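A.B. asks:
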Amino acid sequence: MSKFSYEIWSADRSGHLSKNMLLLLLDRQEMYMKETHLFEFLLYWARKECEYEGLTYNIDNIQSCLHDSGALSKIRFLEMSPADFSKTVVPSCVLSQAECLALESLIYNKPVDAKDLACLSGFSLTRHPRHQISPVVRRCTRDISSGRRLSFENCLAQVNITPSARVLVHGFRIASRMSCDRLFNQVYREQLVALVKDEHGNILSQVDYMKKDIAFNTNQHLRLPRPVWFEPGVKYTLQCNYAAGLYPLLHYSEFASAKGASFQFETRLDGRHVCCCFLNSICYSY
Numbered sequence: 001m002s003k004f005s006y007e008i009w010s011a012d013r014s015g016h017l018s019k020n021m022l023l024l025l026l027d028r029q030e031m032y033m034k035e036t037h038l039f040e041f042l043l044y045w046a047r048k049e050c051e052y053e054g055l056t057y058n059i060d061n062i063q064s065c066l067h068d069s070g071a072l073s074k075i076r077f078l079e080m081s082p083a084d085f086s087k088t089v090v091p092s093c094v095l096s097q098a099e100c101l102a103l104e105s106l107i108y109n110k111p112v113d114a115k116d117l118a119c120l121s122g123f124s125l126t127r128h129p130r131h132q133i134s135p136v137v138r139r140c141t142r143d144i145s146s147g148r149r150l151s152f153e154n155c156l157a158q159v160n161i162t163p164s165a166r167v168l169v170h171g172f173r174i175a176s177r178m179s180c181d182r183l184f185n186q187v188y189r190e191q192l193v194a195l196v197k198d199e200h201g202n203i204l205s206q207v208d209y210m211k212k213d214i215a216f217n218t219n220q221h222l223r224l225p226r227p228v229w230f231e232p233g234v235k236y237t238l239q240c241n242y243a244a245g246l247y248p249l250l251h252y253s254e255f256a257s258a259k260g261a262s263f264q265f266e267t268r269l270d271g272r273h274v275c276c277c278f279l280n281s282i283c284y285s286y
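Numbering (UniProt numbering), first residue to last: 1 to 286.
1. Is the Cβ-Cβ distance between L222 and R177 less than 8 Å?
2. Taking the alpha-carbon of residue 300 as reference, which of C275, A98, P232 and N61 has the nearest alpha-carbon?
3. Unbroken alpha helix (DSSP H) runs of length 4 or more, entirely within the stretch 83-115: which are they?
4. Measuring CB atoms only, is the stretch 135-152 touching the stretch 103-110, in the sense that at least three cross pairs come out at less than 8 Å?
5. Might you give, ordered along the chain, the residues of its own chain that have their beta carbon closer than 6 Å to the beta carbon of S257, omitting 5 neighbours on each side?
6. Y242: buried (16+ other C-beta within 10 angstroms of its C-beta) or exposed?
7. Kindly indicate which three-state DSSP category residue 287 falls into: helix, strand or coil?
8. Name the DSSP beta bridge partners of I174, please?
9. For Y52 and C283, what's the separation of their Cα atoms in angstroms?
10. Going straight from the alpha carbon of W45 to that of L26, what length do you get?
11. In three-state DSSP terms, what is N185?
12. Ordered along the chain, which non-local residues of its own chain (more than five positions away) have a Cβ less than 8 Å from that of P82?
13. Three-state secondary structure (DSSP) at L25?
14. Three Cβ pairs or more, each shorter than 8 Å: is that satisfied between the stretch 126-133 and the stretch 23-39?
15. Put I62 into one of helix, strand or coil per three-state DSSP.
16. Take Y188 and list the residues in its own chain whose beta-carbon comes closer than 7 Å to its own, dropping the five residues that flank it on each side.
17. Since V196 sits in a beta bridge, which residues does DSSP pair it with?
18. Determine the direct distance from the alpha carbon of C65 to that of S86, and round the result to whole angstroms.
19. Alpha carbon to alpha carbon, how far is A165 from E231?
20. Going by CA-CA distance only, name the one from Y252, G201, T218 and K259 that's closest to V234.
21. The alpha helix (DSSP H) that contains T36, what's its start and end?
22. Taking buried to mean at least 16 other C-beta atoms within 10 Å of its own C-beta, is C180 buried or exposed?
23. From S205 to K197, what distance separates their C-alpha atoms?
24. Hey, N280 and R173: beta-carbon distance below 8 Å or not?
25. Which of the three DSSP states is assigned to E79 in this structure?
26. Measuring CA to CA, which of F265, L224 and V94 is closest to D143?
27. Of all Cβ atoms in chain B, is any one closer than 8 Å to the Cβ of K212?
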């Protein structure tokens, strides 16, 4: 993404990006996103463009939309890693087999003859990366409403989160392991699996979290591999599968507010509602 806010890139149908605005944004040299994420956004934009124009959503219309708009020529495929290209671009079927093979050869710095290069007419073959910039990430921290504290171990912990506004969630701060007095100033190795799900149970993000030197009796930052949009009034779930160990549940407030948004929380352990929680705060932008 460019220096423009995330909102301009993910407008809903009523505020769908025009082709001219899209090309203007893609010409920017400063981006929040990597090139693979820009390509994924183009697929999203093309799908919305087909809906906006009343066209059937199929690969032929997606290809025509991206080629006719000139947006595909703005993507710097040679800046992608071989793994990202294989996992993101090739399966999309937006490019032909010949185009994929030629671009893969260039990404690997292999020689490509003139005949194969001819199929890449109109593509950007620049290797100059865009400047990466970071969005302003805010934190909404929950107040502790009482000194009451519970604990849990070896169970599935999850918290339902409902935002009041559309926000882009980057991560969470969650409780670290409890310790006895003799281990209070020491550290341990954390290992857990976290899932972010929508209201239908679809997985939006997965984090296989392993980190050394986590301090006992504090909070740790669980960063998502990619930010996830939370829509207003929709209930999302953060689910954490903790490894062995004793973890605290604090009596946080069920509502929290910060700049641009407020959030409602509901915690469950092994499917049972509890009044305490392991989630300290949400990191987001808008």
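Cβ atoms here follow ideal geometry from the backbone N, Cα and C, with glycine treated the same way.
Given the structure is predicted, the values throughout are model-derived calculations rather than measurements.
C.D. replies: The answer reads as follows:
1. Translated into the one-based positions of the sequence shown, residue 222 becomes position 222. Translated into the one-based positions of the sequence shown, residue 177 becomes position 177. L222 places its beta carbon 8 Å or farther from that of R177.
2. Since the first and last residues shown for the chain are 1 and 286, residue 300 lies out of range.
3. With a minimum length of 4 residues, the continuous alpha helix (DSSP H) runs that stay inside the stretch 83-115 are 97-107.
4. Contact between the stretch 135-152 and the stretch 103-110 is absent, because fewer than three Cβ pairs lie under 8 Å.
5. The residue you call residue 257 lines up with position 257 of the sequence shown. Here the set comprises nothing.
6. Locating residue 242 in the sequence shown gives position 242, counting from the first residue. It is buried - the Cβ of Y242 has at least 16 other Cβ atoms within 10 Å.
7. In the structure displayed, the chain extends from 1 to 286; residue 287 sits before or after that span and is not available.
8. The sequence position of residue 174 within the sequence shown is 174, counting from 1. DSSP output for I174 lists Q220 and L279 as bridge partner(s).
9. Here the question's residue 52 lines up with position 52 in the sequence shown. Here the question's residue 283 lines up with position 283 in the sequence shown. Their backbone Cα atoms lie some 33 Å apart in a straight line.
10. Numbered from 1 along the sequence shown, position 45 holds the residue referred to as residue 45. Numbered from 1 along the sequence shown, position 26 holds the residue referred to as residue 26. Rounded to whole angstroms, W45 to L26 spans 12 Å at the Cα level.
11. Locating residue 185 in the sequence shown gives position 185, counting from the first residue. The answer is coil: DSSP assigns N185 none of H, G, I, E or B.
12. Looking up residue 82 in the sequence shown gives position 82. Same-chain partners within the cutoff: E104, I107 and Y108.
13. For the purposes of this step, residue 25 is taken as residue 25 along the sequence shown, with counting starting at 1. Reduced to three states, the DSSP call for L25 is helix.
14. Taking a cut-off of 8 Å for Cβ pairs, the stretch 126-133 and the stretch 23-39 touch, as three or more such pairs fall below it.
15. To locate residue 62, count along the sequence shown from 1; it is residue 62. In the structure shown, the three-state DSSP call for I62 is helix.
16. Residue mapping note: residue 188 aligns to position 188 of the sequence shown, counting from 1. R177, I214 and F216, listed in sequence order.
17. Here residue 196 refers to the residue found at position 196 when the sequence shown is read from its first residue. DSSP, once it has assigned bridges, lists S205 and L238 as partnering V196.
18. Along the sequence shown, read from residue 1 onward, the residue named residue 86 stands at position 86. Along the sequence shown, read from residue 1 onward, the residue named residue 65 stands at position 65. Inter-residue distance for S86 and C65 is about 22 Å (C-alpha atoms, whole angstroms).
19. Here residue 165 refers to the residue found at position 165 of the sequence shown. Here residue 231 refers to the residue found at position 231 of the sequence shown. Looking at the two C-alpha atoms, the distance is approximately 7 Å.
20. Here the question's residue 234 lines up with position 234 in the sequence shown. The candidate whose alpha carbon is nearest that of V234 is G201.
21. Numbered from its first residue, the sequence shown carries residue 36 at position 36. Note, T36: alpha helix (DSSP H), E35 to E53.
22. Numbered from its first residue, the sequence shown carries residue 180 at position 180. Counting Cβ neighbours within 10 Å, C180 comes out exposed, since fewer than 16 surround it.
23. Numbered from 1 along the sequence shown, position 205 holds the residue referred to as residue 205. Numbered from 1 along the sequence shown, position 197 holds the residue referred to as residue 197. Distance from the CA atom of S205 to the CA atom of K197, rounded to whole angstroms, is 7 Å.
24. By one-based count along the sequence shown, residue 280 stands at place 280. By one-based count along the sequence shown, residue 173 stands at place 173. The Cβ-Cβ distance between N280 and R173 falls below 8 Å.
25. Your numbering for residue 79 matches position 79 in the sequence shown. The three-state secondary structure of E79, taken from DSSP, is helix.
26. As a working mapping, residue 143 is identified with position 143 in the sequence shown. Out of F265, L224 and V94, the CA that lies nearest to the CA of D143 is found in F265.
27. The structure shown contains no chain B; it is built from a single protein chain.
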